[in-house]
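Going by our numbering, the sequence shown opens with residue 260, and the numbers climb by one from there. Ideal placement from N, C-alpha and C gives every residue a C-beta, glycine not left out. Since the model is a prediction, treat every value here as computed from it, not as a measurement. Read through the structure below, which is laid out as structure tokens, and then see the notes.
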Amino acid sequence: MLQMVILGLVQGLTEFLPVSSTAHLLFAESLLGVTRPGILLESVLHLGTAAAAAWLFRADLLKVLRGLISTFTDTRPDLHGYRRLGWAIVVATAITAVIGIALESRFEAMFGSLRGTAFQLVLTGVILLLVNRRGTRAAIDAGPMDGVGVGVAQAAAIIPGISRSGVTIVAATWLGMTPEEAARFSFLVAVPAVAGAGLFGLKDYSAGVAAGYTVAQLLAGFLAALISGALAIAWLLQIVRRGRLAVFAVYCIVVGIIVVALA
Numbered sequence: 260m261l262q263m264v265i266l267g268l269v270q271g272l273t274e275f276l277p278v279s280s281t282a283h284l285l286f287a288e289s290l291l292g293v294t295r296p297g298i299l300l301e302s303v304l305h306l307g308t309a310a311a312a313a314w315l316f317r318a319d320l321l322k323v324l325r326g327l328i329s330t331f332t333d334t335r336p337d338l339h340g341y342r343r344l345g346w347a348i349v350v351a352t353a354i355t356a357v358i359g360i361a362l363e364s365r366f367e368a369m370f371g372s373l374r375g376t377a378f379q380l381v382l383t384g385v386i387l388l389l390v391n392r393r394g395t396r397a398a399i400d401a402g403p404m405d406g407v408g409v410g411v412a413q414a415a416a417i418i419p420g421i422s423r424s425g426v427t428i429v430a431a432t433w434l435g436m437t438p439e440e441a442a443r444f445s446f447l448v449a450v451p452a453v454a455g456a457g458l459f460g461l462k463d464y465s466a467g468v469a470a471g472y473t474v475a476q477l478l479a480g481f482l483a484a485l486i487s488g489a490l491a492i493a494w495l496l497q498i499v500r501r502g503r504l505a506v507f508a509v510y511c512i513v514v515g516i517i518v519v520a521l522a
């Protein structure tokens, strides 16, 4: 049970911080000697962080949902921005899903390489140094082409060691958003993507039960990921507002090099 809580905290704290939750989960599982029957554990913990983002951004998500529903039934100007944002999220999610399903076996094979994951974490650090601070657009200004760019970036983050929040924030800034609004867009896009990945991984439930996982253990990990994920989102928004993403770049590079050396 304690192992599950620790892994839940690791997942929650690192899912939204640009440091790759998958890399940290794999590192923690290796240190704790946790058995990996498929991707069940990672999926349950991802559902916890998706729930955290959905709760914190529930007001925006409800407006996005209203905007999508109103596409063919309502022309009120106050819904136009959220309608565009909603379709941008749909496009990003669809691209991520198509790439993820098409390359599922290749992505899952990468989870077996600790050193490869560490190399990719170093790459995340380098990518974070490319954030563009000259953008002026807000998340509500997003359109389908923003969805394409962020969707491709998010699909690349299925690779263990590549931070989903990191690459999507960087991609959104290069599409013209301010870093803070890019982070907001990244979190909104995360909800369907992370929840979808979590639900997809539940296919390994029987393998998890055979390996000794209990519902109580999985629930403990889920709750730990939910609570710590909510705290991480609030913290990251403050850091992005202050323009300090470079701290995470250094962290990723240093930790990646250490793991490469020790793996």
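- Here Pro403 is exposed, its C-beta having fewer than 16 other C-beta atoms within 10 Å.
- Between the stretch 404 to 419 and the stretch 351 to 370, the count of Cβ pairs shorter than 8 Å is three or higher; the stretches touch.
- Partner residues in the beta bridge of Arg396, as assigned by DSSP, are Met436.
- Burial check for Phe370: the Cβ neighbour count within 10 Å reaches 16 or more, so the residue is buried.
- Val390 sits close to Ile428, with the two beta carbons spaced by under 8 Å.
- In the three-state reduction of the DSSP assignment, Tyr510 falls in the helix class.
- Contact between the stretch 299 to 308 and the stretch 264 to 273 is present, with at least three C-beta pairs closer than 8 Å.
- Boundaries of the alpha helix (DSSP H) around Thr281: 280 to 291.
- In this structure, DSSP gives Ile417 a state outside helix and strand, which the three-state scheme calls coil.
- Membership of Val264 in the alpha helix (DSSP H) is indicated by the continuous run 261 to 274.
- With respect to the C-alpha of Ile418, the residue from Leu496, Gly455, Arg365 having the closest C-alpha is Arg365.
- The beta carbon of Val450 lies closer than 6 Å to those of Ala309, Ala312, Ala313 in the same chain, with the five residues before and after it left out.
- One alpha carbon belongs to Thr352, the other to Glu440, and they sit about 18 Å apart.
- Here the alpha carbons of Ala282 and Glu288 stand approximately 10 Å from one another.
- By the Cβ rule, the stretch 392 to 403 counts as touching the stretch 431 to 438, because three or more pairs are nearer than 8 Å.
- Cβ contact annotation for Thr383 (same chain, cutoff 6 Å, sequence separation greater than five): Ser279, Ile421, Ser422, Gly425, Cys511, in chain order.
- With fewer than 16 neighbouring CB atoms inside 10 Å of its own CB, Ile517 falls in the exposed class.
- No residue range can be given for Leu389, since it is assigned to no alpha helix (DSSP H) and is classified by DSSP as neither H nor E.
- Relative to the Cα of Val514, the nearest Cα in the group Trp346, Ala347, Leu320, Arg374 belongs to Arg374.
- Leu387 sits close to Leu504, with the two beta carbons spaced by under 8 Å.
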